[in-house]
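Mapping of the sequence shown onto UniProt numbering: position 68 corresponds to residue 68, and the numbering continues sequentially without gaps.
Don't be surprised by glycine CBs; every beta carbon is placed ideally from N, CA and C.
Report on the structure given below.
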Amino acid sequence: SFVADVKKGEHKVSGAFTAGNVIASTGEYNSFSDVYKFSLDASKSNAIYGRSSTVQPAAYYVHIWRRVA
Numbered sequence: 001s002f003v004a005d006v007k008k009g010e011h012k013v014s015g016a017f018t019a020g021n022v023i024a025s026t027g028e029y030n031s032f033s034d035v036y037k038f039s040l041d042a043s044k045s046n047a048i049y050g051r052s053s054t055v056q057p058a059a060y061y062v063h064i065w066r067r068v069a
């Protein structure tokens, strides 16, 4: 997650991003912009993310024996 200072009313997000509640307001008389906590969930943009408990495929080891005599 990350925090961003956004112009009031302009915190629309879509896809993998979600916006939380207002954390603080900034600007003169707190009327210029709001600070939101944003989160990223890749599984919301593509079903391939989040279906596995591993990040990469399992490593496979193959032992090759070569007889020379």
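8 Å or more divides the Cβ of K12 from the Cβ of D34.
Collapsing the DSSP output to three states places A24 in a strand.
When the alpha-carbon of A47 is set against those of S39, V62, T26 and G15, the nearest one is in G15.
K7 is bridged by DSSP to S33.
Here the alpha carbon of V3 sits roughly 41 Å from the alpha carbon of Y60.
Its Cα nearest to that of Y36, the residue A19 stands out among K44, A19, S43 and V68.
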